[in-house]
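Residue numbers (mature numbering (1 follows the signal peptide of the UniProt record, and there is no 0)): -22 to -1, 1 to 515.
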C-alpha cells in the first residue's frame, strides 16, 4: 500500500487552525493501549475482528500441525488489549477459510474444502467465554457459488448462485437440516444483499439485470425458518440501474435500502439512491441523488473542477437530464442512528480497464469485502447485524487481480432522514492510497454531534473532526503511539493494516512495523504486529 503524505494535508491542517472560531470544541485523540506480538518472516498475517465491547479476535493460519490437521490460532483480547485466551483450532489441510460471523458471546468461522463450488462446508462455532468449539458439517449437494452468509435466529442463511441463478438455503444448527428458500432461481437476476436484522430475521435483495421489459428491485424479509414475512417490489427507472445495495437492520422501525446507481450498462456510478421499504405503498419511488448535488462529495477534486461539475449538474437537472459526471464509488457501511441513516462510501480508480462491479454472473457485490459492524446508537441488540463477512472470496467473485492497483481517493459520509432524503454529506480526502483490490480505507464515529473520520497513512493517523452544528472542520495528524518512549519506527509494512470503528468513540488501528530501541543492549530491532486503541473526544 503506497501511502505518501503530501504537503496539501499539512496546508489544510494549518488553514483549519487559522480559520477555526475561538469557541470551536477541539477534538482530542488518545491512544491509551497498544498490543504487540513478534512477527517472524515465516508467520502468516493476523486478521482482526471486532467483538464490540467484548474486545477483539485475532486469527491466522499457522505453519503447525496436529493429528495431520493444520492449526489455526485464535487470540482473544479485551478492550484494554490484554490477552484473554488463545484457542488452537485443528482444521483439515484442504479446508479454506471463507467467512466469519459474530453474535454476542460467539464467533463462527466458515470453511470450505478445495477451490471448487461443489465442495462441502464446515462451520466452526467458538464460545468466547470458554474457548470451546463445536463443528458442523454442511453438505448442500449443489454446485453452489457462495457470495453471502449470516446467522438468522437458530439457522445460518447461505446466499449465492446455482447455474448463475440466485439461491438461498438455510442450515438449522439444532437439527442439521437444510432447507432451500423458495422464490429465487430466476434468470437475469442478482442477489445484491443478504443481511440479519436485530430480531433474528433476515433480509434479501434481488435486482433484475435483464435488458428487456420492466425491471424491479425485490426486497424480502424471512424468519429464521425461511418463512416469508414481508415482500416489496419496487420498479427501477427505465434509463437507470441499481449497482449496489445495503439494507438496514431494524435498529429503527423502518427498513431501507441504499447504494449506488448509474445509467444502464454503465461501468461507473452517477450517484446514490435510497428507498424506504413499504409494501403497502404502491406509489413509492426510488430517491436518486447525483454526485454534483452533494455539498462535499467532490472536494477531492480541484475547486475549479468541483464548481464546474456542480454547475453542470444543476443545468442537467433543470433540463430533466441525467447529470453526466460519473466515477467509481463503493458503499461499505449503512448505520442507523437517532435521526435516520448514515452511509459510508469510498471513491476509487482502477488502474486497468476493468469493471470492479461485475463479479459472476452479474455485478461485483461489496458484501464480500465489507460492510461489517453497526453503529450502536440503540445498544448492541441480540445480533450484531452485518458483522459476518466473506473472508476469502472465490476467484470467480474477484475480477481485480493482485497486480492491479486500486487508488482510493476519498471517503464520503452521507446522512439520510427517515424518508431517505439526503440531509448532509461530508468527505475526507485520502492521500495516495493504493491497494490490490477494492477495500475500505477509512471509518467514522458519530458522538455528541461530532463526526470523526479516520484513516491510517503508513505510521500516521489522519483524523477529520466535524461539529455538525458549526461550519468548521478540524484536521489532525497523529503518530501511531509506541510502547516505549525510546522506541522508533524504522519502517511500516505497506499493504497491511488499517483502522476500523470499534465501539462508541473508540477505534482500533493495526499493522506491521519494524521498531528500533537504542536503550537495549541486544535485540535492538524487532518486527511486530501491533494494534493500538484510539479514542477520539
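We treat Cβ as the ideally placed atom computed from N, Cα and C, and that holds for glycine.
What separation, rounded to the nearest whole angstrom, lies between the Cα atoms of residue 418 and residue 160? About 34 Å.
Do you know offhand how far residue 390's Cα is from residue 301's? Each residue's alpha carbon lies about 19 Å from the other.
Which one of 497, 439, 317 and 304 has the shortest CA to CA distance from residue 511? Selection 497, 439, 317 and 304 evaluated against residue 511 yields 439 as nearest (Cα-Cα).
Curious, which full-length beta strand (DSSP E) runs of at least 3 residues does the segment 188 to 266 contain? List check, beta strand (DSSP E) in window: 194 to 200, 206 to 213, 218 to 220, 234 to 241 and 249 to 254.
Look up residue 524 in the DSSP assignment and say whether it is helix, strand or coil. The structure shown does not extend to residue 524, since the chain is modelled only from -22 to 515, so the question has no answer here.
Tell me whether residue 163 sits in a helix, a strand or coil according to DSSP, three-state version. The three-state reading of DSSP puts residue 163 in coil, since its state is none of H, G, I, E or B.
Suppose contacts are defined by Cβ-Cβ distances below 8 Å. Is residue 396 in contact with residue 232 by that definition? Residue 396 places its beta carbon less than 8 Å from that of residue 232.
Do you know how far the Cα of residue 26 is from the Cα of residue 69? Approximately 19 Å between the Cα atoms of the pair.
Quick one: what's got a C-beta closer than 8 Å to residue 163's C-beta in the same chain, skipping five residues either side? Non-local C-beta neighbours of residue 163 in its own chain, meaning closer than 8 Å and more than five positions away in sequence, comprise 140, 143, 144 and 145, ordered along the chain.
Can you tell me whether residue 521 is buried or exposed, with buried defined as 16 or more other CB within 10 angstroms of its CB? Absent from the model: residue 521. The displayed extent of the chain is -22 to 515, so no value can be given.
Helix, strand or coil at residue 151 according to DSSP, with G and I counted as helix: Secondary structure of residue 151 (DSSP, three-state): coil.
Secondary structure of residue 51, DSSP reduced to three states: Under the three-state reduction of DSSP output, residue 51 falls in the strand class.
On the premise that residue 241 lies in contact with residue 259, defined as a C-beta separation below 8 Å, what is that separation, rounded to the nearest angstrom? The Cβ separation is near 27 Å, so there is no contact.
Would you be able to state if there are at least three C-beta pairs under 8 Å between the segment 65 to 85 and the segment 31 to 48? With the cut-off at 8 Å, the segment 31 to 48 and the segment 65 to 85 touch.
Excluding the 5 residues flanking residue 504 on each side, which residues of the same chain have their C-beta closer than 6 Å to its C-beta? Taken in chain order, the residues that qualify are 493.
Suppose you measure from the CA of residue 227 to the CA of residue 448; what does that come to, to the nearest Å? Taking C-alpha positions only, residue 227 is separated from residue 448 by approximately 30 Å.
Apply the 10 Å Cβ neighbour rule to residue 32 and answer buried if 16 or more other Cβ atoms are within range, or exposed otherwise. By the neighbour-count rule (16 or more Cβ atoms within 10 Å), residue 32 is buried.
Buried or exposed: residue 41, going by 16 or more other Cβ atoms within 10 Å of its Cβ? Looking at its Cβ environment, which holds fewer than 16 other Cβ atoms inside 10 Å, residue 41 is exposed.
Same chain only: Cβ atoms within 7 Å of residue 208, ignoring 5 sequence neighbours per side: Excluding the 5 residues flanking it on each side, residue 208 has same chain C-beta neighbours closer than 7 Å at 198, 199 and 257, in chain order.
Within 10 angstroms of its Cβ, does residue 500 collect 16 or more other Cβ (buried), or is it exposed? Classification for residue 500: exposed.
Out of 235, 452, 327 and 303, point me to the one whose CA is closest to residue 320's CA. The shortest Cα separation from residue 320 among 235, 452, 327 and 303 belongs to 235.
Kindly indicate which three-state DSSP category residue 277 falls into: helix, strand or coil? Residue 277 falls in the helix class under three-state DSSP.
If you count every other CB in all the chains shown that lies within 10 Å of the CB of residue 64, and 16 or more means buried, which is it? So residue 64 counts as exposed.
Just how far apart, CA to CA, sit residue 350 and residue 407? Residue placement at residue 350 is flagged as unreliable, the pLDDT there being 26, under the threshold of 50; the coordinate-derived value follows with that caveat. Distance between the alpha carbons of residue 350 and residue 407 is about 22 Å.
The segment 290 to 305 in contact with the segment 264 to 274 per 3-pair CB rule at 8 Å: Verdict: yes, contact present.
On a Cα-Cα basis, can you pick out the residue from 454, 480, 435 and 502 that is closest to residue 474? The shortest Cα separation from residue 474 among 454, 480, 435 and 502 belongs to 435.
Taking the straight line between their C-alpha atoms, what separation do you get for residue 428 and residue 497? C-alpha separation (whole angstroms): 41 Å.
My output table needs one value for residue 6: the three-state DSSP class, helix, strand or coil. Reduced to three states, the DSSP call for residue 6 is coil.
Which same chain residues, not among the five before or five after residue 536, have their C-beta less than 6 Å away from its C-beta? Outside the displayed range of the chain (-22 to 515) lies residue 536, so it cannot be described from this structure.
Which residues mark the beginning and the end of the beta strand (DSSP E) in which residue 300 is found? First-last for residue 300: undefined, no H or E at that position.
From residue 502 to residue 7, what does the alpha carbon distance come to, in whole angstroms? Rounded to whole angstroms, the separation of the alpha carbons of residue 7 and residue 502 is 29 Å.
For residue 283, which three-state DSSP category applies? Looking at residue 283 - three-state DSSP - the assignment turns out to be helix.
For residue 387 versus residue 325, is the C-beta distance shorter than 8 Å? The answer is yes: Cβ separation under 8 Å.
State the start and end residues of the unbroken beta strand (DSSP E) segment that holds residue 107. In the DSSP annotation of this structure, residue 107 is not part of any beta strand (DSSP E), being labelled neither H nor E.
By Cβ distance, which residues of its chain are closer than 6 Å to residue 430, with the 5 residues on each side in sequence left out? Correct list, in chain order: 423, 443 and 514.
Complete runs of the beta strand (DSSP E) confined to the segment 12 to 93 [at least 3 residues]: Counting only runs of 3 or more, we get 25 to 28, 34 to 44, 47 to 55, 61 to 69, 73 to 81 and 84 to 91.
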